[in-house]
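Single-structure report; data block below.
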Amino acid sequence: MTSEPENLYHHICEGGYLVDDERAIIKRSHIEAAIDAHLKLPELNWTGRKTIGYDPADQGDPNALVFAYGSIVEHIEEWKAAEDQLLESTMRVLAAAKRLGADQIGYDGIGVGVGVGSILNDKKFRNHYKFMAGGKPA
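So for the sequence shown, this note's numbering puts the first residue at 64; every next one is plus one.
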């Protein structure tokens with residue numbers, strides 16, 4: 064844990080985030096503690112499904128994918144695509160799924176991502192699901 068004077072110095076003089084600001088939803092110290100937690104606590108079972116999470120985007124925002132093996136994030140990519148390149152971006156995600164050995168692909172199915180499932184089905188990759196990243200919690 065960072066001491067308060069050190070935390071304020073880092074924030075004020077070096078432009079860093081406050082380590083444990085009470086207004087933060089997730090405290091920075093908790094994020095830092097989670098990095099390589101599977102190495103610090105090897106007695107826990109960290110593995111599970113091999114999943115790719117995909118956030119499709121169009122012109123402007125970047126596309127992103129994350130590959131996780133259970134609770135362990137092993138790979139992240141971010142890239143820009145031109146307008147109307149959902150097919151190309153989804154094929155990039157599918158290639159990553161095959162290369163990384165992913166069992167499933169989850170994707171944001173709101174907006175640009177509405178057609179991802181159809182593309183994956185056309186390519187005979189049927190183990191996918193959509194989530195509504197911008198949706199309201201149930």
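No residue lacks a Cβ here, since even glycine has one placed at the ideal position from N, Cα and C.
- Contact check for V179 against P119 passes: the beta carbons are separated by less than 8 Å.
- Within the model, the alpha-carbon separation for K113 versus G169 is close to 11 Å.
- Taking a cut-off of 8 Å for Cβ pairs, the segment 129 to 146 and the segment 154 to 164 touch, as three or more such pairs fall below it.
- By the criterion of at least three beta-carbon pairs nearer than 8 Å, the segment 182 to 193 is in contact with the segment 148 to 158.
- DSSP, reduced to helix, strand and coil, places E95 within a helical segment of the structure shown.
- Burial state of A196 is exposed, judged by a 10 Å Cβ sphere holding fewer than 16 other Cβ atoms.
- Using a 10 angstroms sphere on the CB of G111, the tally of other CB atoms stays under 16, which defines it as exposed.
- In the structure shown, T110 adopts coil according to DSSP, grouped into three states.
- Separation of the CB atoms of G174 and K193 is rounded to 11 Å, and the pair is thereby denied contact status at 8 Å.
- Annotated as proximal: E146 and D121, with beta-carbon spacing under 8 Å.
- Across the structure, E77 and I139 are spaced so that their CA atoms are roughly 27 Å apart.
- Judged by their CB atoms, I89 and W109 are not nearer to each other than the 8 Å cut-off.
- The three-state secondary structure of A145, taken from DSSP, is coil.
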